[in-house]
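> Sequences listed follow chains A and B, in order. First residue of the first sequence: 1, per my numbering; consecutive thereafter. First residue of the second sequence: 152, per my numbering; consecutive thereafter. Note that the Cβ used here is the ideal one computed from N, Cα and C, for glycine as well. Every value quoted in this text rests on a predicted model; they were computed, and no experiment measured them. Okay, here's the structure, questions in a sec.
There are 2 protein chains.
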Amino acid sequence: MQTSKMLEFSDDKPLFPISTAAKLLDISVHTLRMYEREGLFIPFKKKSSQRLFSKSDIERIECIRKAIKESKISINGIRAIYSLIPCWEIKHCAKKSRDKCPAYWEHTQPCWSYKHEGNDCENQKCRECNVYNDYTDCGKIKNLIKTLSGK
Amino acid sequence: MQTSKMLEFSDDKPLFPISTAAKLLDISVHTLRMYEREGLFIPFKKKSSQRLFSKSDIERIECIRKAIKESKISINGIRAIYSLIPCWEIKHCAKKSRDKCPAYWEHTQPCWSYKHEGNDCENQKCRECNVYNDYTDCGKIKNLIKTLSGK
DNA sequence: GTAAGTTGATATTTATAAATATCAATTTTC
DNA sequence: GAAAATTGATATTTATAAATATCAACTTAC
Numbered sequence: 001m002q003t004s005k006m007l008e009f010s011d012d013k014p015l016f017p018i019s020t021a022a023k024l025l026d027i028s029v030h031t032l033r034m035y036e037r038e039g040l041f042i043p044f045k046k047k048s049s050q051r052l053f054s055k056s057d058i059e060r061i062e063c064i065r066k067a068i069k070e071s072k073i074s075i076n077g078i079r080a081i082y083s084l085i086p087c088w089e090i091k092h093c094a095k096k097s098r099d100k101c102p103a104y105w106e107h108t109q110p111c112w113s114y115k116h117e118g119n120d121c122e123n124q125k126c127r128e129c130n131v132y133n134d135y136t137d138c139g140k141i142k143n144l145i146k147t148l149s150g151k
Numbered sequence: 152m153q154t155s156k157m158l159e160f161s162d163d164k165p166l167f168p169i170s171t172a173a174k175l176l177d178i179s180v181h182t183l184r185m186y187e188r189e190g191l192f193i194p195f196k197k198k199s200s201q202r203l204f205s206k207s208d209i210e211r212i213e214c215i216r217k218a219i220k221e222s223k224i225s226i227n228g229i230r231a232i233y234s235l236i237p238c239w240e241i242k243h244c245a246k247k248s249r250d251k252c253p254a255y256w257e258h259t260q261p262c263w264s265y266k267h268e269g270n271d272c273e274n275q276k277c278r279e280c281n282v283y284n285d286y287t288d289c290g291k292i293k294n295l296i297k298t299l300s301g302k
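Dropping the structure here:
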């Protein structure tokens, strides 16, 4: 437990500039920026706005690539799937917060694509949030849904 | 209640041959058969294997069209989304049945794409099942997820 | 201080999912 | 019983999502 937490943490250190990330993933720098623009991942940014990628960023993007290339799910499809993650449940949002949150009402964007001022998670950085980190593919999301219904 | 049930029922009468359905939907006969082959809907079939479409079939396919054309979700994306419907919960499946059911374990196909011999719903026709009928789009599926977590 | 890398924004190309077309064999309609 | 419609299977076309390319301005590395 402790170990896995620590591992996770160390896997999220900003290590690679975009060119290295692109080589590791065998895709172009442009494609990476497109995925970011589409809200599929959130890289570190230096003050100068240069991106930095961690190991777990790389893993995340590998997962996204699989969805696109093997499962033939379009980017908008991936976004729609992410939008189904019941973040309000994971973060134990208060009704008050939840009820004014687009992540609760909409179903086209992942929660981390929305501004969240005034919400329960306004002080949390999305890239450190377990909603963002733990449900990177359809299987994990389905497992989450299973635990909900098991309650 | 009674009224809406009856309405639903009457909306599901096999009325139109495929050519009429195609005209109503403003798509080609071929496209309709493709959607069927992809598991997006289940039409009536006569003994001669000719298809017949009901009003609710038309509505269902309109919804699918919207997902493809407006939301730009690929067919595989739609299938993946349908695969997230917690049918085992809707149908109150016994654990025994659920645990050997691909609809519970997989996440690429809607439940109605699988054979379901030996499962709790083996005697139910999918096209009459509320899993198939009530969760035709992302919004409805998200609402279902909300009710699960509300339990 | 200069060469290499990165930024965002926009335009262009390409890969392929989605839609059509074609076929001979059945079925339906009137 | 002849014309029109439908079937499944396969091949082809098209529409467009995804990936690249180009740009001048700005960082970074040595």
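(1) For Leu176 of chain B and Lys125 of chain A, I'd like the C-alpha separation in whole angstroms.
(2) Could you tell me which chain A residues have their CB closer than 8 Å to the CB of Glu279 of chain B, listed as they occur along the chain?
(3) Do Phe195 of chain B and Arg278 of chain B count as a contact pair if the criterion is CB distance below 9 Å?
(4) In angstroms, rounded to a whole number, what distance separates the CA positions of Trp256 of chain B and Lys47 of chain A?
(5) How long is the line joining the alpha carbons of Asp250 of chain B and Ile296 of chain B, rounded to whole angstroms?
(6) Contact between the region 54 to 62 of chain A and the region 27 to 46 of chain A: three or more CB pairs below 8 Å?
(7) Look at Leu154 of chain A and Cys289 of chain B and say whether their C-beta atoms are less than 9 Å apart.
(8) Which ranges does the alpha helix (DSSP H) cover as unbroken runs of at least 4 residues, wholly within the region 5 to 38 of chain A, from first to last along the chain?
(9) Anything in chain A within Cβ reach of Ile224 of chain B, meaning under 7 Å, just list it in chain order.
(10) Could you name the residues of the region 241 to 260 of chain B whose beta carbon sits closer than 9 Å to any beta carbon of chain A, in the order they occur along the chain?
(11) If you compare alpha carbons, which of A:Gln50, A:Tyr35, A:Trp88 and A:Pro86 is closest to Arg65 of chain A?
(12) Identify, in the order they occur along the chain, each residue of the same chain with its Cβ nearer than 7 Å to the Cβ of Ser97 of chain A, setting aside the five sequence neighbours on each side.
(13) Drop a sphere of 10 angstroms on the beta-carbon of Thr287 of chain B, count the other beta-carbons inside from all chains shown, and report buried for 16 or more, exposed for fewer.
(14) Whose C-beta lies closer than 7 Å to the C-beta of Lys72 of chain A among residues of the same chain, with five residues either side of it excluded?
(15) Determine the contact status of Ala80 of chain A and Gly228 of chain B, defining contact as a CB-CB distance below 9 Å.
(16) Let me make sure I understand the geometry here. Which of A:His30, A:Glu122 and A:Lys69 has the alpha-carbon closest to that of Cys93 of chain A?
The short version:
(1) If I take the Cα positions, the gap works out to 45 Å.
(2) Ordered by position in chain A, no residue passes the 8 Å Cβ test against Glu279 of chain B, which lies about 23 Å from the chain.
(3) Contact flag set, yes.
(4) Between Trp256 of chain B and Lys47 of chain A, the C-alpha separation is close to 44 Å.
(5) Looking at the two C-alpha atoms, the distance is approximately 20 Å.
(6) These segments touch.
(7) Nothing about residue 154 of chain A can be reported from this structure: the residues present for chain A run from 1 to 151 only.
(8) Secondary structure remark: continuous alpha helix (DSSP H) runs of at least 4 residues inside the region 5 to 38 of chain A, in chain order: 18 to 25 and 29 to 37.
(9) What Ile224 of chain B touches in chain A: Ser74, Asn76, Gly77 and Ala80.
(10) Per Cβ criterion, the list reads Tyr255, Trp256, Glu257, His258 and Thr259.
(11) Considering only alpha carbons, the answer is A:Tyr35.
(12) Within the same chain, Ser97 of chain A has close Cβ partners Asn119 and Asp120.
(13) Burial state of Thr287 of chain B is buried, judged by a 10 Å Cβ sphere holding 16 or more other Cβ atoms.
(14) Setting aside the 5 residues that flank it on each side, Lys72 of chain A has no residue in the same chain whose C-beta is closer than 7 Å to its C-beta.
(15) With respect to Gly228 of chain B, Ala80 of chain A sits close: the two C-beta atoms are nearer than 9 Å.
(16) Comparing Cα positions, the closest option is A:Glu122.
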